[in-house]
Structures are given as structure tokens and as C-alpha cells.
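Everything on this sheet refers to the single structure shown next.
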Amino acid sequence: MSQTNAAALQGPWDIIVVGGGNAALCAAITATEQGKRVLILESAPKHMRGGNSRHTRNFRCMHHGPLSVLIDSYEEDEYFDDLMRVTDGKTDENLARMTIRESEACLPWMEAHGVRFQPSLSGTLSLSRTNAFFLGGGKALVNAYYATAEDLGIGIFYDAEVTHVNIEGSRFTHVDVTIDGQSHRVEGRAVVLASGGFQADLEWLTRAWGPSAANFLIRGTPYNRGVVLKDMLDQDAQTVGDPTQCHAVAIDGRAPKFDGGIATRLDCVPFSVVVNRDGDRFYDEGEDVWPKRYAIWGRLVAAQPDQVGYSIIDSKSINLFMPSVFPPVVADTLEELAEKLGIDGAKLKATVEAFNAACRPGDFHPTELDGLATEGIEPQKTNWARPIDTPPYYGYSLRPGVTFTYLGLKVSETAQVSGPDGPLENVWAAGEIMAGSILGQGYLAGFGMTIGTVFGRIAGREAAAHVN
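Structure, rendered in C-alpha cells:
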């Protein structure tokens, strides 16, 4: 029931859900199925509903045996070890393990609510054991949940910007929301905050990162401006996370400033050498399999001059990774490629020749750690180190692409938000706005959807129980 008239907006509502992505929808559906009257306030227009969930493609899931499209098993300890490696231990173990355990029950719940899955895609994201891929991608998931929400009679308002979440003492009373230029006060007995991070507020991002943030690309939705997060911080809600930490990956430098999505990510790095503006390598391109290390490259490129890098491969590797949305720059010589990319040809040739000389014989296995490493060069490349010597040569420019920020609201195991003096009585949070509770740094493929689904369901359940 998508309505825009003021009378319909007023309710009364048991639960108001602020946000319109995966976490918000999971919360709204769960609460409604427990008999509650629920309102979704989505700041984006209908055609862009769903936040960053529109751009996702998989869900990382624990399982004790084959489950839906997932093969073999993926147990709690292995899952947690994977998370610890990418976060360098910066995570709340209790919340992380709870999220991992709860993920197993989420997949059949998702299927029961219209989400369809397919086997994992080929290329460097070989995740058939750990990640379930959405048939039709994240937009299909979002559409399935909205269809369910409409069938359940959930109130849905688009272009609805929540500007204030009113907290009196430790209790939520109402939200102020602007729709069609008109401000409305909407009361509810509980609220679930699922409105994302602040990455689309470039001024806030620049305050956190400094001037270099001007060169970042925001690959997620332009509607996650942190308005609700800032409002809660202004009311002394407890926070977690570092404002400079985020899910940032290396994306095609030709991507748009906002909303390029997952299609702009480049998966060629493990089979390349990556150089900066000056033609120098700066990190081990083969450190680990790509799903576990791709998310560090946004920060690595952000630390380089002009926040730019260049991935250089040859014809031996062009078909080993997911195709790029923009075609690579191609040339018959390294000098010609460098000229097209805008870097010094002699320097690039020298860097590649030094790399080639450091490569050693061995067996190359593109889908697993193969130990094919360089010797006598820094930084070393520890896997997939083959000479780049077979024309034509290909190149991509890289920019930091920010998906979502980790500064967020502190929550408990029950998704309850912490105020200045303890838990807020009737306020819950789910998704990116609280993901910093678990992700201190780094990222693990598909884990954002896991956090959103697990905590969305918990928040909906707990808010419904409170209303009872």
C-alpha cells in the first residue's frame, strides 16, 4: 500500500522503520508477521528504493551441510576465522559469532519470502561453498521483499526523508519526516533505524578523511547521507566505529561519482601488477584469494598520490576474471599502454621488467592460492606471479569506491540501540547504521547482507515483542 496522503501517514503505527533496504525490509516483514502495524519510510524515490541492497549479489551463510545452492559445509569457526583475517581482529566476537550462527536460518527464511538463488558465478569470486548468489541480483531481492511487504499491508512511503528521531529520556516518541516538501510528525510505539551510513555526504566524508576524499567515488546509493545517524549522535546515542573506516574497494576510475554499484568493481588485481601515478608498485597483489582481500584495495589506492592506481595485465590473464563494465585500455607495448593511461612509459616498462625478472617457475592455479611468488623484489607478490610479457597489454585505472561507512550506532545482541545512559527503551537498529559494531575494518564478501538480514530480523522481532 504505497500512499502519499497525510491522513494515511498518521497511523497509528506500532513500529516505524526508517530506511528501505534489506535490513529495513527484513525488520518490517518480521514485525508485521507478528501482527504489528508497520510503516516504512524510504528516503529514495521508488525507482531507486532499496539503498545499497540494490547493488548486492550474494549472502554469506554458515551451514553444516549442503543448503539450497550452497555446497559442502561452512562452519562457524571457519567463517569467524575468515572475518578475523579481514578485520585484523577488530570485531566484537560475541556479536560476530551470533551473526554467523543466525545466518544459517536466514537463507530458508529469505527463500520463503520470495528471494531466489543461483549457483555462484565464475571468475575470481568462486564462492559456491560460502556465499549464496541472488538470482537477478540485489534488485531482484529488494523487489521480492517489497512485493511481500505490499501483500502484508505494510505502509510504504517513498521520497520520505526522516529529519529527526525524537527521543525523550530513554524513549522514542515520533519522527519528523519531509514528504513532497511538507514536514509531518509521525508517532509510533517503537522505531527501527535502518537508514545506512554517511558516505554520500561528501562534506562529512572529507571531514573524516581529509582533502583526499574529494577523489573518492561513492559506488553506493546517493541517498545514504547519514541524516538519521547524525541526529542520533546529536542526541548522544553511543557510537561504535572509526569514521575513516569503510567498505571501500578499488573500482574502475571511469565509474560515475555515485551509484555505479557492484558492476564498477574490478577483479583483475590478483593477476596484475598495480602501480601508482609514478609507476611504482605499492602492495602484494597476490596476498590472498580475491573474496577475502578485494576490500582492502580501496584504502590502498586512497593512500596513493591523487588517489589513483593502475592495474596492468597481459593477454594471458584477460579472461581469468569477471568481465569489466567498461572495456580495458589496450595496447601492443607497455609504453603505448602507459601513454594511454597517462603515466610515464619508461617507468612502467622498468617496473614491469623488474617484476618479470623476479618471477619464478611454478604451477599457476588461478582459483586458489598457488604459492607462485616473486623473489628479490619489494613488495613481493606471493601468489599468481607470472611475467607480464605477452601482448597485447591491458590496463585499468583504479579509484577508491566507497560502499558504506562503519561509524554507527552501538547495539546489543538484540539490536537495541544504546543511549547516553543505557539502552533506549524502544529503539532498534539494523544494517549499515550499526555494522561498525562488527566490522572494525576490512570487509568479507557478502557479509554486509548477512549483518542486515540477521539484525533486521532481530530488530523486527524485538520491536514487535516490545509493542506486545
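Counting from 586, one number per residue, gives the positions in the sequence shown under our numbering. For each residue, glycine too, the CB sits at the ideal point set by N, CA and C. All of these numbers come straight from a predicted model, not from anything done at the bench.
Mark residue i as exposed unless 16 or more other C-beta atoms lie within 10 angstroms of its C-beta, in which case mark it buried.
i     : result
S1003 : buried
S658  : exposed
E870  : buried
D768  : The residue you asked about is not Asp; residue 768 is Ser in the sequence shown. Answer is exposed; the Cβ neighbour count stays below 16.
L954  : exposed
K815  : exposed
G773  : buried
R792  : exposed
D599  : buried
D899  : buried
A609  : buried
D837  : buried
Q588  : Any reading at Q588 must be qualified, since the residue scores a pLDDT of 44, below 50, and its modelled position is unreliable; no value is offered.
A1015 : buried
N679  : exposed
M586  : Unreliable placement is indicated for M586, whose pLDDT of 36 sits below 50; the coordinate value is still reported in the next sentence. With fewer than 16 other Cβ atoms within 10 Å, it is exposed.
G715  : Note that residue 715 is Thr in the sequence shown, not Gly. With 16 or more Cβ atoms within 10 Å of its Cβ, T715 is classed as buried.
G723  : buried
G986  : buried
G766  : exposed
T748  : exposed
N1053 : exposed
G1031 : buried
F828  : First, the amino acid is wrong: residue 828 is Pro here, not Phe. Answer is buried; the Cβ neighbour count reaches 16.
Would you mind giving the Cβ-Cβ distance between residue i and residue j, rounded to the nearest angstrom? I have them listed as a contact below 8 Å.
i     : j     : result
A729  : G699  : 3 Å
I1043 : A1020 : Between A1020 and I1043 the Cβ distance is about 14 Å, and since that is not below 8 Å, they are no contact.
G845  : G811  : Incorrect: roughly 20 Å between the Cβ atoms, too far for contact.
V760  : N751  : 7 Å
K995  : Q820  : Actually they do not touch by this definition, with Cβ atoms about 13 Å apart.
E746  : S628  : 5 Å
A612  : G1041 : 4 Å
R862  : P890  : 5 Å
Within the continuous beta strand (DSSP E) that includes residue i, where are the two ends?
i     : result
A822  : Element bounds for A822: n/a, residue is neither H nor E.
I685  : Premise fails: I685 lies in the alpha helix (DSSP H), E678 to A697, not in any beta strand (DSSP E).
G894  : G894 to D899
V602  : W598 to V603
A629  : That residue, A629, is in no beta strand (DSSP E); it is neither H nor E in DSSP.
T758  : R756 to I764
T748  : A745 to E753
L1009 : G1007 to A1014
A916  : V914 to A916
F830  : The residue asked about is misnamed: residue 830 is Gln in this sequence, not Phe. Q830 -> no beta strand (DSSP E), and no H or E assigned at all.
R645  : N643 to R645
Q1001 : Q1001 to G1004
N861  : V858 to N861
V996  : It is not in any beta strand (DSSP E) - V996 carries neither H nor E in the DSSP assignment.
By Cβ distance below 6 Å, which residues in the same chain neighbour residue i in space, the five residues on each side in sequence not counted?
i     : result
K631  : Y743
L933  : G864, L919 and A923
E687  : V1039
G1025 : T672, K675 and T676
G947  : L957
E998  : M683
T709  : At T709, the pLDDT of 42 sits below 50, so the modelled position is not reliable; the number obtained from the coordinates is stated separately. Contacts found: D852, W875 and F906.
Y868  : L885 and P964
G636  : G606, G781 and T806
A1048 : I600, A616, A775, V777 and W1013
A798  : L790 and T791
L655  : H648 and A717
Can you list, in chain order, the residues of its chain whose CB lies under 8 Å from that of residue i, leaving out five sequence neighbours each side?
i    : result
F719 : T641, R642, N643, F644, V700, R701, F702, Q703, A725 and L726
I614 : H698, Y730, T733, A734, L737, I739 and G1045
Within a Cβ cutoff of 7 Å, which residues of the same chain sit near residue i, ignoring the five residues on either side of it in sequence?
i    : result
I685 : M647, E661, Y664 and F665
Q595 : V771
L926 : Y895, V914, G980 and S982
P807 : A785, F843 and D844
H832 : A880, T988, F989, Y1028 and G1033
T617 : V623, L737 and I739
P972 : N941 and C944
A970 : G871, C944, L957, A958 and T959
Return the first residue and the last residue of the alpha helix (DSSP H) that residue i is part of.
i     : result
G723  : G722 to D736
L624  : Here L624 belongs to no alpha helix (DSSP H); instead the beta strand (DSSP E) covers V623 to L626.
G1033 : F1032 to V1052
S653  : Looking at the DSSP string, S653 is not in any alpha helix (DSSP H), and its letter there is neither H nor E.
V607  : Before going further, note that residue 607 is Asn rather than Val in the sequence given. From DSSP, the alpha helix (DSSP H) with N607 extends over N607 to T617.
V886  : W882 to A887
T672  : E661 to T672
A1020 : No alpha helix (DSSP H) contains A1020, which DSSP labels as neither H nor E.
R792  : L787 to W794
A592  : A591 to L594
Say whether chain B places a C-beta atom closer than 8 Å to the C-beta of residue i.
i     : result
D1006 : In the displayed structure, chain B is absent; only one protein chain is listed.
Run through the segment 920-988 for me and flag every whole beta strand (DSSP E) of 3 or more residues, listed as ranges in chain order.
-> Correct list: empty.
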